[in-house]
Ligand SMILES: C[S@@+](CC[C@H](N)C(=O)[O-])C[C@H]1O[C@@H](n2cnc3c(N)ncnc32)[C@H](O)[C@@H]1O
């Protein structure tokens, strides 16, 4: 089912080589990196590792200077000294996990590509990694509750067949579902190295030593906590991890019986409406989409109009040919570390939707083309452009820049240069303009 993300040809799995263009994709700790430009992605991981090391070092130096120069109470001194030790240990362990996979620090040479805010660091999801594989031992119910919510919407048909989990992170829910739904195969994809590499070792039966630094520790003892991350149960065969981009997934259409999006649809796609056709396209007819997560959007990532409530999500899904069969809303504990005084609860929406073949015409939004979903693809001179009347000069400028070669991001770069459009908003802004122009030319 693997498709080359560069040319669309069929791809072998291990080693990952395209049978058409011959491109060989790298693997890290046995996890293939099936993205169009794998070395650029891996370079970003190395740059982030260097940034993590530098920031960890700077924090420790500051703490050590405070301990040496300030008049501190014995408690404060002990806490700061313990924090400095925890930081050093955390640095060592993270460098080791990445180093074992062949990823080492590199001074940044190219800017961080625009992505999801708060995901630009190597430790972005470190607390989730601890939650997935360490906190159960101290009574955390988060993993159990997540599986239970999904199990309830799957009843009475828990069998999952061939499963794709998009944005699997540290893979706990993905691997629990693999077991619960007796999946034939589960492919867990993500683009973030640390959670995936830890998951890889834990799932293989290893234990991984990491350090948790709670944001608001309970007491001196919990300023840092050494943890040994491990899986309670052996993960059944057929669980496969892959580094792949949700917006350019390397799979033939209709490859899966089940697609799972855990804590993903609000955080990662800029506009869920354009991502629904991707989910539908991955499913075989009659296949099921399982969603689990809240609807909490990043204001800088998702425009107000695309911050859909649960009712809108269900209506959009139906319009895209994904009819929700069962749904529930549960207020669930979220990142309530046993070591921390802080913890959240989120309203989590869990639903299962079936791919239907007939999309009701009055509801059916036309499926957006790939170049609207992926801003790095060339924008063609599509039908209707010539007679299009722009409602605003910016729309006119965008239309003039569509030459069949430039991508959305390249059009945005020209507008930044010539019209002083703000750099951080240009890509998303031009993407929205193009989606609107395309929609208007369809009417
Ligand atoms: C909110 S986290 C949820 C992680 C995990 N499902 C969980 O519940 O802990 C979103 C996940 O999506 C991943 N992600 C972000 N952009 C992605 C992309 N373009 N392709 C694949 N995964 C992506 C992130 O690395 C992160 O693991």
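Residue numbers (my numbering): 46 to 488.
Every residue, glycine too, gets a C-beta built ideally from N, C-alpha and C.
Because the structure is a prediction, the values reported are computed rather than measured.
{"Query": "Are three or more beta carbon pairs between the stretch 392-401 and the stretch 324-338 nearer than 8 Å?", "Result": "yes"}
{"Query": "Measure the CB-CB distance between residue 92 and residue 139 and report whether it falls below 8 Å.", "Result": "no"}
{"Query": "Work out the CA separation of residue 363 and residue 70 for me, nearest whole Å.", "Result": "37 Å"}
{"Query": "Only counting the same chain, and skipping five residues up and downstream in sequence, which positions put a Cβ closer than 8 Å to that of residue 280?", "Result": "220, 223, 224, 248"}
{"Query": "Going by C-alpha distance, which of 487, 458, 486, 485 is nearest residue 474?", "Result": "458"}
{"Query": "Below 8 Å on the Cβ atoms is my guess for residue 196 versus residue 203; work out the distance and round it to an integer in Å.", "Result": "7 Å"}
{"Query": "Can residue 245 and residue 386 be called in contact, C-beta distance under 8 Å?", "Result": "no"}
{"Query": "Starting from residue 302, follow the beta strand (DSSP E) in both directions and report where the run begins and ends.", "Result": "301-307"}
{"Query": "Round the Cβ separation of residue 388 and residue 380 to the nearest angstrom and send it over; I've been treating them as touching at under 8 Å.", "Result": "6 Å"}
{"Query": "Using a 10 Å radius around the Cβ and a threshold of 16 neighbouring Cβ atoms, would you call residue 152 buried or exposed?", "Result": "exposed"}
{"Query": "With DSSP as the reference, please indicate the residues paired to residue 390 in a beta bridge.", "Result": "378"}
{"Query": "Counting C-beta neighbours from all protein chains within 10 Å, is the total for residue 267 16 or more, i.e. buried, or is it exposed?", "Result": "buried"}
{"Query": "Using CA coordinates, which residue listed in 243, 130, 100, 107 is at the minimum distance from residue 269?", "Result": "130"}
{"Query": "Cβ atoms of residue 365 and residue 325: under 8 Å apart, would you say?", "Result": "yes"}
{"Query": "Give the DSSP-derived three-state secondary structure of residue 402 in the structure shown.", "Result": "coil"}
{"Query": "Do you know how far the Cα of residue 450 is from the Cα of residue 430?", "Result": "15 Å"}
{"Query": "Return the chain-ordered list of same chain residues with a C-beta closer than 8 Å to the C-beta of residue 104, the five sequence neighbours on each side being excluded.", "Result": "132"}
{"Query": "Pull up the CB-CB distance for residue 252 and residue 278, whole angstroms please, since I reckon it's below 8 Å.", "Result": "About 14 Å separates the two Cβ atoms, so there is no contact after all."}
{"Query": "For residue 61 and residue 232, what's the separation of their Cα atoms in angstroms?", "Result": "15 Å"}
{"Query": "Is the stretch 297-305 in contact with the stretch 82-90, if contact means three or more CB pairs nearer than 8 Å?", "Result": "no"}
{"Query": "Please report the distance separating the alpha-carbon of residue 64 from that of residue 286.", "Result": "21 Å"}
{"Query": "To the nearest whole angstrom, what separates the beta carbons of residue 161 and residue 313, a pair I think is in contact under 8 Å?", "Result": "6 Å"}
{"Query": "Tell me the DSSP secondary structure of residue 236 in three-state form.", "Result": "coil"}
{"Query": "Would you mind stating whether residue 255 and residue 175 have Cβ atoms separated by less than 8 Å?", "Result": "yes"}
{"Query": "Any heavy atom of ligand 1 within a distance shorter than 7 Å of the CB on residue 292?", "Result": "yes"}
{"Query": "Is residue 245 helix, strand or coil when you go by DSSP?", "Result": "helix"}
{"Query": "Taking 7 Å as the cut-off, is the beta-carbon of residue 312 closer than that to any non-hydrogen atom of ligand 1?", "Result": "yes"}
{"Query": "Starting from the C-beta of residue 486, find all residues in its chain whose C-beta is less than 7 Å away, skip the five residues before and the five after it, and write them out in chain order.", "Result": "427, 428, 429, 430, 433"}
{"Query": "CB-CB under 6 Å to residue 382, same chain, minus the five flanking residues each way: which ones, in chain order?", "Result": "259"}
{"Query": "By the three-class DSSP mapping on this structure, what secondary structure does residue 125 have?", "Result": "helix"}
{"Query": "Could you tell me which uninterrupted beta strand (DSSP E) segments, each at least 3 residues in length, are contained entirely in the stretch 192-230, listed from first to last along the chain?", "Result": "207-211"}
{"Query": "Check the DSSP bridge columns for residue 423 and list the partner residues they point to.", "Result": "452"}
{"Query": "Using a 10 Å radius around the Cβ and a threshold of 16 neighbouring Cβ atoms, would you call residue 301 buried or exposed?", "Result": "buried"}
{"Query": "Just to check my reading of the structure: residue 79 and residue 284 have Cβ atoms closer than 8 Å, yes? What is that Cβ distance to the nearest angstrom?", "Result": "Not a contact, Cβ separation roughly 17 Å."}
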